[in-house]
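Protein chains in written order, with the UniProt record's numbering: chain A, 1 to 450; chain B, 1 to 450; chain C, 1 to 450; chain D, 1 to 450. Beta carbons: idealized from backbone N, C-alpha and C, even for Gly. Just so you know, these numbers come straight off a predicted model, no measurement behind them.
There are 4 protein chains.
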Amino acid sequence: MSARIPDIVKHRVSEKAKKTLDIVAKFVEEECIPADPVVDAQIGEGSARWESHPPIIEELKAKAKQLGLWNMFLPKGHYKESPGYTNLEYGLMAEWLGRSKVASEATNCAAPDTGNMEVLAKYGNEAQKAQWLKPLMEGEIRSAFLMTEPDVASSDATNIQLSIKKEGNEYVLNGSKWWSSGAGDPRCKIYIVMGKSDPNNKDPYKQQSVILVPANTKGITIHRMLSVYGYDDAPHGHGHISFNNVRVPASNLVLGEGRGFEIIQGRLGPGRIHHAMRSIGAAEHALEWMLMRINDPKKTPFGKQLREHGVVLEWVAKSRIEIDAARLIVLNAAVKMDDLGPKATLKEIAQAKVLVPQTALAVIDRAVQAFGGAGVSQDTPLANSWALIRTLRLADGPDEVHLQQMGRNENKRGKEVSQKILWQKEKTEQLLKQNNLKRFQPGSNIKSRL
Amino acid sequence: MSARIPDIVKHRVSEKAKKTLDIVAKFVEEECIPADPVVDAQIGEGSARWESHPPIIEELKAKAKQLGLWNMFLPKGHYKESPGYTNLEYGLMAEWLGRSKVASEATNCAAPDTGNMEVLAKYGNEAQKAQWLKPLMEGEIRSAFLMTEPDVASSDATNIQLSIKKEGNEYVLNGSKWWSSGAGDPRCKIYIVMGKSDPNNKDPYKQQSVILVPANTKGITIHRMLSVYGYDDAPHGHGHISFNNVRVPASNLVLGEGRGFEIIQGRLGPGRIHHAMRSIGAAEHALEWMLMRINDPKKTPFGKQLREHGVVLEWVAKSRIEIDAARLIVLNAAVKMDDLGPKATLKEIAQAKVLVPQTALAVIDRAVQAFGGAGVSQDTPLANSWALIRTLRLADGPDEVHLQQMGRNENKRGKEVSQKILWQKEKTEQLLKQNNLKRFQPGSNIKSRL
Amino acid sequence: MSARIPDIVKHRVSEKAKKTLDIVAKFVEEECIPADPVVDAQIGEGSARWESHPPIIEELKAKAKQLGLWNMFLPKGHYKESPGYTNLEYGLMAEWLGRSKVASEATNCAAPDTGNMEVLAKYGNEAQKAQWLKPLMEGEIRSAFLMTEPDVASSDATNIQLSIKKEGNEYVLNGSKWWSSGAGDPRCKIYIVMGKSDPNNKDPYKQQSVILVPANTKGITIHRMLSVYGYDDAPHGHGHISFNNVRVPASNLVLGEGRGFEIIQGRLGPGRIHHAMRSIGAAEHALEWMLMRINDPKKTPFGKQLREHGVVLEWVAKSRIEIDAARLIVLNAAVKMDDLGPKATLKEIAQAKVLVPQTALAVIDRAVQAFGGAGVSQDTPLANSWALIRTLRLADGPDEVHLQQMGRNENKRGKEVSQKILWQKEKTEQLLKQNNLKRFQPGSNIKSRL
Amino acid sequence: MSARIPDIVKHRVSEKAKKTLDIVAKFVEEECIPADPVVDAQIGEGSARWESHPPIIEELKAKAKQLGLWNMFLPKGHYKESPGYTNLEYGLMAEWLGRSKVASEATNCAAPDTGNMEVLAKYGNEAQKAQWLKPLMEGEIRSAFLMTEPDVASSDATNIQLSIKKEGNEYVLNGSKWWSSGAGDPRCKIYIVMGKSDPNNKDPYKQQSVILVPANTKGITIHRMLSVYGYDDAPHGHGHISFNNVRVPASNLVLGEGRGFEIIQGRLGPGRIHHAMRSIGAAEHALEWMLMRINDPKKTPFGKQLREHGVVLEWVAKSRIEIDAARLIVLNAAVKMDDLGPKATLKEIAQAKVLVPQTALAVIDRAVQAFGGAGVSQDTPLANSWALIRTLRLADGPDEVHLQQMGRNENKRGKEVSQKILWQKEKTEQLLKQNNLKRFQPGSNIKSRL
């Protein structure tokens, strides 16, 4: 809530946003978190889980709309549909949304819809907007983003192989996708698909296109949903889908042939900030559960409450520091994105992408450990939260790819700093000479052992 | 297999054990690992998962018996039923069993039966042995060990509350248990239950008794199975069970009233070695999957195979070192247990209990990271393996309880080493005096700034 | 320099401060860093090291004054002597000062003088200010702060034992101090001494007083200087000093008897920010040396430059992230101190106190490792920098004391969050009931095994 | 001492070795450790430190000889001069030697003499042995090993540049060396020098030769000694030395031209075991000092002894586990070396080389932290010990070079394990087919959303 905004950004948050933030926090704590297990119960069992539409989600959506909590993610200034928050302001809200599994969807701020709406708003033509952006903005349908493929190293997007071929007035798609998150939901009506329309283009970043494929198009097979540790994440799910001569009108292409890379680049920045802030929220949530546990009067191993034992308060303190540091990294990225746009903020976004999931996982794992058996089970939100966030170290490229990229970028300073240090060393030698001085070197009087 | 036995223990492994070890390895690699997904498929879906008896397990059991791979866990010398292996020798076999989910059961070496069989063999009377030990040894039934309770800090076993009251010729049990592993299996016929028969005894370690309760006794309710990071571990499962005036004949008591602590203490040692060695095996298995992945010719992000990227080979090397170090810690405990018995080996067992799961989790997590999305999904054994081993940092007391205990024990040397160091310091002063020397102290010539 | 100010605070830095920051950066890089080895050479060898006054320091001080770089640490608003920078602004400058060993003294911003000047400015009377603050502000003398004692656990300041007794118009001091940093310098003319004037006061925080003791007072013995790893830090040094009936006029007492705690509390906050930002600077400096090394064309083990080897670029990237996160933690504290004062900022200051040295040590150690032998030797600034910063994990209380304190503070939320979570759980139960739902629990159909 | 030999190797240690081990332990604890500060005091200050021969070392050597503690390092079986201990047995002794700075020299088991004696014993001709090995074995002179060079990446030994050219009946040496450990000692009479005699040989491992150069040969200049975190390690020292047309008789060549690599390979194995075991000893020593500190009745911050505070006992326990695991890694290498020779043991030696220093540094750093200021100062052996061991992560190749090498070696299994796993997967498919089964895949009933 607004009282907890880090001082370093407090003055950049408008009064309106502070008010909304307080409403978000209250909505999440009082409506969404209690509803999370209800959603699970409404999803049901077996195959029914993939045909489910938990009614409580619609109830929450109605409440959220009434409270003015809708589409807050759509950044101020860029879109007329935006409720008018900066990336910083929405980031602070996203942290609260991250404490609940259902809150993002309840406020129409859930991935992958958010990124997909941004793509449509930014790159879609008016017909595409009318058909897909409008119902997405209204929360009437959901969507999926199909990029990752099972048979290649998809951390490198140039490896993508799904074929998009023009035949007459249509595009024909052939290939496979997986980790198509959201494809399990029966309300998921539209796939935004990345594929290769020009695989022989010499520029490996011009081979790709992005195209809109209605979920009910002939030739699409949903093979299965991938599980994350033991969770199926129904009804959302992570689909493994194949395309067998799937035909869509040529007008479904977004922006133009060969512009796929451009589109996904624009899509990733804000989404990473959202994911990062939600993960911060999940970490705060885990820390609060841990605080509950270590003060539980029924849990007194060896005659003392857990908080009085050895390392437990140190876990709390470290978690506090690590969360706070990670949050500042994200907020710094959000501020820079607000001021200078996503392209100028690549470094800061990458820092958040790498640091935040590792931080949240460490905090949640400490909470699991404090809880003992309950921590790994269905009796706390911890294990499920850990599993979800574990995927963020892999999604959109594993940590290591980002670290290598960041290392290379930082290393671009190598030549300049080398020259500076060499110049400094030379100046030292001059100063020593001027002052008729010699560095002290131990043993320099031993000239030899003759 | 025998060729990979660490040199430090090679000569302590009999030729017979080496031969058996090679047979175990072959059986696991060629029969059990391929069967693991078959077991999963045979378990089925929904409620059926808890009524399942995968036929392939019985096929594997028959093969194992034929190969002479049966009850290898039962230590040489202590039991006439033992096939004659030392803890060290079985430990080496358990490592191979740990590579497969089904291998331990296939060779009748699965927890919690192993510990339960040891309890019955060591502390059971002849009638108890005839009724329960015999069919367990034959692999005809399975068993559970009911100790942990949901409402107390069960890392401290003195907190246990399930009541065992004598009424006439019966004991009456009331209370709740959870993490009753194995209780889900329809073949689980017998519960070994720890409770309090004398809650007011001044000696907190004499309040407990252990009693045999057939699974089909009236008054028992299985409420549910606890999940582990989304996995239900069916049909084995981790039961949450209540006892409501459950009555068993007085003759079901093991060893005698008030001897519960003694029994569980004796039970834990070997089991921890088994768990530890199986975890080592799981780590080796994960490392091999990782080696497969990083050499996969189809996975070439940024034009290079994964093994050629940044840190990947360092992960492999670190995993190698860490696994090897952890294995030696376990084998040292096994050797000491063979030579001096479990009581003399508490420190070494505790070291294995703490070090091995942390090591295995780190190795498996690296493999997950190398695999990307497939690593967290059902397409590799990695995520499930990680989840299982994560519980070992909590089961039988969390790491922190063991570390505190080990710290206290090590600290018992505190007084002695303090005296030694003070004596050494004094001797130094004498030597300096004798030699008319002063220690060099920088700045000691500055007597004051007068 | 100003171009590198994190975006999150850019708009809070005045144009004047930005200009000064650029001048500081240039002064440090072009004058101070080249002078560091010259200072070392001028200090000399043996006992002479403690009588030394390296002339180049005075040259740098003159240059700094001319450039307007003097006493920047004294916060805006609080002191008429202040050059007018906020804690945030000076913090950014302190980062640059931290790249050089001599830069802080050259700009009269060196510890412990900075904290001592704050004490005198805040709590000193006019006579005390005239006699000691004025020459300190001018850089004519230096000072030491004497608090830590050799024979007690001084991480807990209530343990302090040096006795301050009033006798007539004088105070008489008896006791020992060590880690009296700066006491080695012949220009150190004044000690600010913490001791006990009322050891029997029931309030353990009212027993202490702070008193001014000229370095040349009779009864003071400087026994020796403590080394840090192998460094003596001459002529500054870390003194081990005893007081034997040292008498000073009663008017030397600061603020009043029993107000020692109040004084040191006020002293610590800004100093910790300064130390933290200087450590950030040292880490950046180490990272630049590392960049030089990994691009050195002469260093090509196994045919490749270091930057092309395995993990090296990942070290660079991690260092970048960790430094940036740590810096934001400090800047957030500085901003809050500017807005709300040091008392409101205890948590944030403690976070910086703990996080920054650990971060800097990790970064510097990576640089040492990249350099090989040169890294641990006198040929780079790395080893010395590491040793200095290692003391910051101990000075003013070890990390663990701060972590425990922070853990306790965070845990104050325990009761409130427990109540919230219990309320949420109850609401969930109501919602489930209202919707006539049951949570799915695996195995819940197994009622028993009758 | 013998009572602490890990059980896993106890039976492999002869009674004679056990007796000697007890004598070593007693000698180290009662004679050497008290003498360590005396050695420091006898070394003196300034230039005198490099001309020093602390008399107490000779006294200790005399005592050691009398106790039969002399040259224990020389492995049984390989040398007639050997006192007859296995690598395992001497390893256990080396651990005790590692607790004291002077103990290795006092028993004539100090590096680099040990490695140099092995080179001479193994590869030297009779004349070389008579002139140099004999006085070294007697402890009459000391030696240095000159390999590392300042201007190249010497972690890759093929980069070495010092030129060894034959001219008539002499070899002429030109070039520079540094980290020539031991070269500071006035008793150091002989350098064993690695250089290039055939820099154009196509085989990069045949370009090098090893040659004996008396320390008093004309043309040698000792420029200075390198410091290690501020320590000069006088009189031993780490020399920076240049060779300017240094001429030695052709008969000084060891083994033959082009055989330098072969010689240094043979030299490294045992030395790494020695270093590792000494580091284990240093870690044990640090742990004991830590135990003293945390039980010091005078050190009671916040009313409790240090051992009662938060994390301290966990530090003790972790240190215990980590030391024990690292020791077993070294002992496993020693056993394998005893059984199969150094060449077969490369992997195990590399594991020890990497794991042990990292472990010892972590343990010592915890002890430093427990001591507070005293830990980094001259008042404990901790800081100096840390600095010495820090160099072991760099000496003979940094950790990263060894990890890459180990990773590559482990990865050689890649093809084989890939084939095995693929075979297992195929067998699974067959089994599923045979049993008419399908894997359960969540969401597999969703064929499409038509």
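Using DSSP with H/G/I as helix, E/B as strand and the rest coil, what is residue i?
{"i": "residue 209 (chain B)", "result": "strand"}
{"i": "residue 225 (chain C)", "result": "strand"}
{"i": "residue 191 (chain A)", "result": "strand"}
{"i": "residue 388 (chain A)", "result": "helix"}
{"i": "residue 452 (chain A)", "result": "Given a span of 1 to 450 for chain A in the structure shown, any question on residue 452 (chain A) remains unanswerable."}
{"i": "residue 54 (chain A)", "result": "coil"}
{"i": "residue 122 (chain B)", "result": "helix"}
{"i": "residue 302 (chain D)", "result": "helix"}
{"i": "residue 469 (chain D)", "result": "Any question about residue 469 (chain D) goes unanswered here, given that chain D covers just 1 to 450."}
{"i": "residue 68 (chain D)", "result": "coil"}
{"i": "residue 183 (chain D)", "result": "coil"}
{"i": "residue 278 (chain C)", "result": "helix"}
{"i": "residue 168 (chain D)", "result": "coil"}
For residue i, collect the residues of the same chain with a Cβ closer than 7 Å to its Cβ; drop the 5 residues on either side in sequence, then sort them by chain order.
{"i": "residue 38 (chain B)", "result": "56"}
{"i": "residue 306 (chain C)", "result": "293, 294, 299, 312 and 370"}
{"i": "residue 65 (chain A)", "result": "none"}
To which residues of the same chain is residue i closer than 8 Å at the C-beta, ignoring the five residues directly before and after it?
{"i": "residue 391 (chain D)", "result": "228"}
{"i": "residue 301 (chain A)", "result": "309"}
{"i": "residue 68 (chain A)", "result": "20, 23 and 83"}
Please look up how many angstroms separate the CB atoms of residue i and residue j, rounded, as I've assumed it's under 8 Å.
{"i": "residue 24 (chain C)", "j": "residue 117 (chain C)", "result": "With a Cβ gap of about 19 Å, residue 24 (chain C) and residue 117 (chain C) do not count as contacting."}
{"i": "residue 96 (chain D)", "j": "residue 28 (chain D)", "result": "5 Å"}
{"i": "residue 403 (chain A)", "j": "residue 314 (chain C)", "result": "5 Å"}
{"i": "residue 320 (chain A)", "j": "residue 406 (chain C)", "result": "6 Å"}
Comparing alpha-carbon positions, which option in the options lies nearest residue i?
{"i": "residue 281 (chain C)", "options": "C:389, C:431 and C:115", "result": "C:389"}
{"i": "residue 278 (chain C)", "options": "C:63, C:260 and C:104", "result": "C:104"}
{"i": "residue 351 (chain A)", "options": "A:385, A:400, A:379 and A:320", "result": "A:400"}
{"i": "residue 175 (chain A)", "options": "A:110, A:205 and A:241", "result": "A:241"}
{"i": "residue 413 (chain D)", "options": "B:372, B:289, B:139 and B:414", "result": "B:289"}
Within 10 Å of its beta-carbon, does residue i have 16 or more other beta-carbons around it, so buried, or fewer, so exposed?
{"i": "residue 77 (chain D)", "result": "exposed"}
{"i": "residue 45 (chain A)", "result": "exposed"}
{"i": "residue 408 (chain A)", "result": "exposed"}
{"i": "residue 62 (chain B)", "result": "exposed"}
{"i": "residue 340 (chain D)", "result": "exposed"}
Leaving out the 5 sequence neighbours to the left and right, which residues in its chain are closer than 6 Å to residue i when beta-carbon positions are compared?
{"i": "residue 89 (chain B)", "result": "13 and 17"}
{"i": "residue 199 (chain B)", "result": "207"}
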